[in-house]
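Under this note's numbering, read the sequence shown as residues 282 to 1429, first letter to last. Beneath this line is the structure, given in structure tokens, with notes to follow.
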Amino acid sequence: MKISKGVAGLAVAITIAVLDVGTAAAQRFERLKESVSGITFANVITESDSFNIVHDFYAYNGCGVAAGDVNGDGLVDLVFTGTQVGARLYVNKGGLGFEDQTASLNYPSSSFDNCSGALLADLDSDGDLDIYICRRYKPNLYFVNDGRGSFLEEGRVAGLDIHAMSTMAAPFDYDRDGDLDLYLLNNGEARRQGYWNPGVSDRLLRNDGNGRFTDVSKSAGISDIGYGLSVSIGDLDDDGWPDIYVANDFEERDKLYYNNGDGTFRERAMSALQNMSWASMGSDIGDVNGDGLLDVVTLDMLPERHQRRMTQLGGGSIYSPFFDSTQRIHNTYQLNRGNGHFSNICYLAGMAATDWSWSCLIADFDNNGRNDIFITNGTKRDIGDQDHSYNLQATKNVLPDSYKTMPRSKLQNYMFYNDGALPLRNVAGTAGLADSVVSNGAAFADLDNDGDLDLVLNNTDTVAFIYRNMTVEDGAHGHNYLRLSLKDQPGNTHGIGARVTVHAGAVKLVREHYVTRGYLSSVDPVMHIGLGGITSIDSLVIRWSDGQRSVVGKPGVNTTAVATYGGTTVWHPEPGVHPLMTRQDATLVPFRHRENYYDDFKRERLLPHRFSQNGPGIAAGDLNGDGLIDLVCTGAKYAATQVLFQTASKTFEPQTTSGLEEATESEDVAALLFDVDNDNDLDLLVVTGGNEFNLDDEELKDRLYLNDGKGRFTQVPNGVPNGTASGSCATAADFDDDGDLDLFIGGSVVPGMFPQPCRSTLLRNDEGSFVDVTDRLAPGLATAGMTSGAIWTDYDNDGDPDLLVVGLWMAPRLWRNDGKTFTDVTAALALDTLTGWWNCVVPVDVDNDGDMDYVLGNLGLNSRFKVSQAAPMKLVAADFDDNGSIDPLVSYDVDGVQRPQRPRMAVAQHMPVLTRTFTSFSKWSEATMADIVPAVLPASAIRLTTSTFQSGVLVNEGKRFTFRPLPDMAQISPVYGILAMDVDGDDDMDLILDGNSKGADAEIIGYDAGIGLVLEGDGRGGFAPVRSDSSGFVVPDVGRGLVAMPWGGDSVLVVAAINGGVPSAFTFPVGRTGGVSSPYGWITPGLMTSPTSAVITLPKGRRMRREFPCATVTGSQTLYSPSAGPGVYSVPRSTPSEKTRSRQKRGR
């Protein structure tokens, strides 16, 4: 593929050798003693019966710190705020020593209470830094700097003495008029009814240029009644205008305000984000993965350690009226996808769970050219401790001093080091940041002017910490840096809002300059850029806050440069890359899948995910013989499967007399088009499934329809003798070489009896009638597992079709066709250890070696639980409590011990008897599976394992398969749909993927970070992701199968099936498929006149093998592109057998 290669991956733009210098040395910080720093400030919170977390939910939220040079001596000074102890100003005297000069604020200490956020910014545009302090229960304070080290409180004069339960303020030039405006983040009344009260709306304060600020919130479209805990600013859509991200606590969702450029904002969190933190706390914006786009990080309170996770409050009940499936209890790393969408990859990045977290700071702490993430942690009283909470609820009269029995949680902070790979690594323990403390606000600044960023922490009940960064002193990294002092227009003296792009050879680093960062804090307004191994900078491109552009040529490294506004040109957004695909109107395919509401968890509370949301399937083929490709779209329960004919004007028309209209009670999950009776038209098999039925319900019977050649179908009574199994997939091939198509139908899970698999069936076609030959011809196939996909494929190139089956909690299983029977060769081919949650499989010769490899879709790595061969996830199921129902218990590896995955209350709802043994959450947190499950299991017990969640490729090595994971971008969500096509005409097969799931259990809720993906194949087995704004393929929905077909002779149409929605459709020019056409044109699987495979001789002697299976991939069946590359196209077994021709002559 030849597009956008430099920005394709999660960490591609900066994984260039010049950033890396040898082996990375260990990051190291040194905490300064009070006697050295002179800083004695401690945010000591004195509890009483009238001031505690029970009385005021935010009593222990802590306070912030602001960093900046207030007296112009070139050294960074500090301002600390306190809950009850007021604020303190410390002036840097050099040598990392500070002096308390709070008296220079000229404000009575007795009035210095109720503080929260601290900001240092030049709000009056006179060139020095002023101090703005937010307070919750009193008016905010604005201290104007006279430039000589003395301050005067002038909040009332400036219109900034606002009494609105304020949390923090963020300066930015939202209207690009050259001066600093202010976003004021407000909270709410957390006393009495607590957060049930609406929060106080945030305010946008316009700088009028005369020393006063005017509230323009309403006219600007700013309205937020949440409990705001942090606000971050950045140009998230690359249009040159600053946008706003607001992190809200509790039920009110986070807000994402896009700047319209006309003084107004539009709120788009729900369309841009798939999910967000529930109790969002600190936040920051920066380019974490180095692709030039700004990402968003927010924090929540999910513990990392198993014992704490099992004792802490989880999410609210999914049956609560306040439940919101978009809000999840975990941190977020919202990866900017460049097209108005973000993907939360917090689990893939390894930073989803950092416990009771407050501040997150995105900055390059080791100067390697990549932004790291620092996170503060801990709480004075652990109100989330479930044992305490339940004991408190059991007490009818809550005593005023009940807070005293709450446990305390002093916890370690986190430092996630970014070396360009995922997951990020927490190095706090080895970097000197392992103090167990309650840290809230934090700021970074180069306090000693040595070229690396030091850390300042405002702690609760402990003296503030200064961590000296020893990167430069150690010298082992060989990393360089640039400090940049930005002098913008007179109204913005520190260049707030400027975007700086460093160009050095092929390296491009993008940084934006905002000082309000993390939680209740602001950082030094001198920009710091780590350069890694860069020794010479070609240029700096500065986009100033007003949109003008300057170029600074060849600044030095390891120095502080000054960039001054001037010599500017008008900045224009870079022209977008013309995408490969063009999205079509949503009305092109007039079908809506209407998923019926069914709560799987009501019947089976311990399910890991729902089984009732597996549709729809889409099958493509010429149903009426007019030469145009039509569609069959399967319906959920209460909705019929539909036939849509393509018209000459390139539209689709639903058919009301197709013969499928009466079947509305089943959950149709897959559609397979194939020629049952050899009359050279496409008949239809509808596979039914779902979880809302009982095992013997008639609605679970699959349905076989014969086509009259004009697209009208007649059901064959009992046409499929596979009983009432809940199905998942189907695939057809002439496995016995008798001239007709036989079937495999995969069984899913027995409804209400997870993980008991339904029976899978092998059906032989005997002159139009199907006979179940499973047990006789393929021992073990009937109980293969909870299947989800299958294909007939010739893996051993012996000329007959073998059967590859994938599914949940199972390994890919392969049955070799031995002519008359099938042999399970899974273990012999080294597949048996690859147990996963496999969703689908497609054949692709990824390395052009002439044999078939296979691409498999799995859960992905953006999941709460990590598995491996050495540390698998396990499932044991039996009727442990003798109540007549199966009890499926899932466990995972914690330091070599299998422990229960689900929390105590979730398991107790299904197995109440366990509460007699595990009488507290603390006891449950210590339980192993050996404590829960009896040593001797009943014979009917089911044991399953999962050792990999990665989607990847099974590479055919002849006598065995090797598993090769797909790139990180393919692991951010489950993969359900896969198309293998040469999208760009370079002779190599590329992949088109979609996925997502919103059916996970109550703790996880969804795996939904995906927005669709195109992967570039290199012809050697490797794949590289194409950025979505370059591919044009964007499917942020719950995608299922994918189909491709010719579109008007000059284009290819790709259709993505959407669960609970309308199919997404995309086109791209047929010329991009490259090469010469096969002699068969587009290949329709399911017709005996169509080839099942082809071998293509490519330039330089390479041989690509292609197969065209008649199979459903997540319920959908595609046509196959004729693309072959410039070379010789040969078709083994491409013509109908003598038996087939004979039967066709007889009219069969």
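Cβ coordinates follow ideal geometry from the N, Cα and C atoms, glycine included.
- Taking the C-beta atoms as reference points, ILE414 is found no nearer than 8 Å to LEU404.
- Per the C-alpha coordinates, the member of GLU946, ASP1083, ALA1092 and VAL1087 positioned closest to THR1102 is ASP1083.
- Between TRP1363 and SER1397, the C-beta spacing is not below 8 Å.
- Residue burial is scored here from C-beta neighbours: GLY701 has at least 16 other C-beta atoms within 10 angstroms and is therefore classed as buried.
- Rounded to whole angstroms, the separation of the alpha carbons of TRP522 and PHE546 is 10 Å.
- SER624 is classed as buried because its beta carbon has at least 16 other beta carbons within 10 Å across all chains shown.
- Residue state for LYS768 is assigned as strand, using DSSP reduced to three classes.
- Runs of beta strand (DSSP E) with 3 or more residues, each lying fully within the stretch 752-834, are found at 761-768, 780-785, 788-793, 808-813, 820-824 and 829-834, listed in chain order.
- Ranking ALA1109, PHE1161 and ASP733 by CA distance to the CA of ALA1220 puts PHE1161 first.
- Here the alpha carbons of VAL997 and ALA1392 stand approximately 21 Å from one another.
- The C-alpha of ASN342 lies about 7 Å from the C-alpha of ASN721.
- When beta bridges are read from the DSSP output, TRP1073 appears opposite LEU1084.
- The beta carbons of GLY1138 and PRO1038 sit no closer together than 8 Å.
- For ARG1224, the enclosing beta strand (DSSP E) begins and ends at 1223-1227.
- In this structure the stretch 813-825 does not lie against the stretch 738-746, because fewer than three pairs of beta carbons, one per stretch, are closer than 8 Å.
- Here ALA1006 is not near ARG984, since their CB atoms are 8 Å or more apart.
- Residue pairing by DSSP puts ASP565 in a beta bridge opposite VAL578.
- By the neighbour-count criterion, in which 16 or more other beta carbons inside 10 Å mark a residue as buried, TYR846 falls on the buried side.
- In the three-state reduction of the DSSP assignment, MET1067 falls in the strand class.
- The beta-bridge partner set that DSSP reports for SER513 consists of TYR526.
- Membership of PHE1025 in the beta strand (DSSP E) is indicated by the continuous run 1023-1028.
- The count of Cβ pairs closer than 8 Å, one atom from the stretch 859-878 and one from the stretch 798-805, stays below three, leaving the stretches out of contact.
- GLU311 is bridged by DSSP to ARG749.
- According to the DSSP secondary-structure assignment, THR840 is paired through a beta bridge with LEU763.
- A buried status is given to GLU948, since no fewer than 16 other beta-carbon atoms sit within 10 Å of its beta-carbon.
- In this chain, the beta strand (DSSP E) harbouring TRP1328 covers 1320-1328.
- In this chain, the alpha helix (DSSP H) harbouring TRP1205 covers 1202-1206.
- Shown here, SER1144 sits in coil according to DSSP, grouped into three states, outside any helix or strand.
- Per DSSP, the unbroken beta strand (DSSP E) holding PHE1051 starts and ends at 1050-1053.
- Taking every protein chain shown into account, the CB of MET551 has fewer than 16 other CB atoms within 10 angstroms, so this residue is exposed.
- For the options ARG1308, ARG1387 and GLU548, the alpha carbon positioned closest to that of ASN620 is the one of ARG1308.
- Two segments are said to touch when three or more pairs of C-beta atoms, one from each, lie closer than 8 Å; by this definition the stretch 1239-1250 does not touch the stretch 1312-1324.
- For THR1042, no alpha helix (DSSP H) run applies; the uninterrupted beta strand (DSSP E) run containing it begins and ends at 1042-1047, by DSSP.
- Of the candidates THR1370, MET1385 and MET1369, MET1385 places its Cα closest to the Cα of VAL1376.
- In the DSSP annotation of this structure, ALA384 is not part of any beta strand (DSSP E), being labelled neither H nor E.
- Assigned with DSSP and collapsed to three states, PHE882 falls in helix.
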